[in-house]
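Numbering (the working numbering), first residue to last: 28 to 228. For each residue, glycine too, the CB sits at the ideal point set by N, CA and C. Fair warning: this is a prediction, and the values are worked out from it, not measured in the lab.
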């Protein structure tokens with residue numbers, strides 16, 4: 028379902044040549060504080076998760092989701108997984124605002140926020156909770172890491188990006204929001220046993 032929604036966004040033209048993207052992204056639901064809060068368009072907390080800046084952006088996110096999503100979906104069940112995914116994504120803009128309010132980064136209320144990364148960071152945290160010792164191989168350097176270690180490194184990099192105001196610090200703030208929400212929700216949304224998970228599919 029999540030893959031299908033992202034594919035629909037591409038096919039309907041959200042990813043377009045430079046100079047034409049913003050009106051279409053606005054129509055399809057990118058997040059900005061000016062629109063979501065200022066104009067009370069609260070659905071943008073969710074719709075922005077299915078808008079992406081370019082082909083590379085969506086391919087990287089969907090590849091990441093394809094690698095870790097099935098593990099979490101199998102344990103949670105389909106509907107719980109979908110709710111978990113969407114709530115983690117909605118936490119991304121909230122973290123963006125919080126970091127701005129405490130002075131760790133500047134927040135332009137008109138800056139658009141797009142992408143599934145906050146949702147995926149929540150899924151990463153859930154996967155690390157389910158299978159912490161599962162090994163993943165990095166593309167560069169080509170080494171194996173335990174999934175828990177990999178997730179800690181990824182969250183640490185996002186924290187560093189916010190603290191030192193690297194490029195796309197707002198996106199990294201959203202990553203942290205998704206990860207924190209994932210950590211908060213995962214124990215509450217995982218079934219007690221595998222039979223419960225099977226029943227929820």
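On a CA-only basis, which of the options is nearest residue i? Give me that one, please.
i	options	result
residue 78	196, 185, 116 and 174	116
residue 159	148, 168, 166 and 172	172
residue 183	161, 206 and 74	206
residue 242	130, 138, 131 and 98	The shown model of the chain, from 28 to 228, leaves out residue 242, and the question about it has no answer.
residue 129	195, 61, 194 and 189	189
residue 151	174, 86 and 68	174
residue 176	134, 133, 194 and 154	154
residue 98	131, 69 and 156	156
residue 64	136, 119, 131 and 181	136
For the putative contact between residue i and residue j, defined by C-beta atoms under 8 Å, what is the C-beta separation to the nearest angstrom?
i	j	result
residue 103	residue 208	About 14 Å separates the two Cβ atoms, so there is no contact after all.
residue 202	residue 144	6 Å
residue 142	residue 88	6 Å
Could you check the C-alpha separation between residue i and residue j for me, to the nearest Å?
i	j	result
residue 108	residue 187	29 Å
residue 114	residue 211	11 Å
residue 169	residue 163	10 Å
residue 57	residue 192	22 Å
residue 121	residue 204	7 Å
residue 140	residue 165	27 Å
residue 133	residue 123	9 Å
residue 214	residue 111	11 Å
residue 80	residue 161	31 Å
residue 200	residue 71	17 Å
residue 60	residue 197	12 Å
residue 96	residue 90	10 Å
residue 86	residue 92	10 Å
residue 178	residue 185	11 Å
residue 118	residue 106	19 Å
residue 100	residue 73	19 Å
residue 232	residue 125	With the chain covering only 28 through 228, there is no way to say anything about residue 232.
residue 181	residue 84	17 Å
DSSP puts residue i in a beta bridge; with which residues?
i	result
residue 163	172
residue 58	140
- Task: Could I get the ranges of all uninterrupted alpha helix (DSSP H) runs contained in the region 109-157, with 4 residues as the minimum, in chain order?
- Result: 144-157
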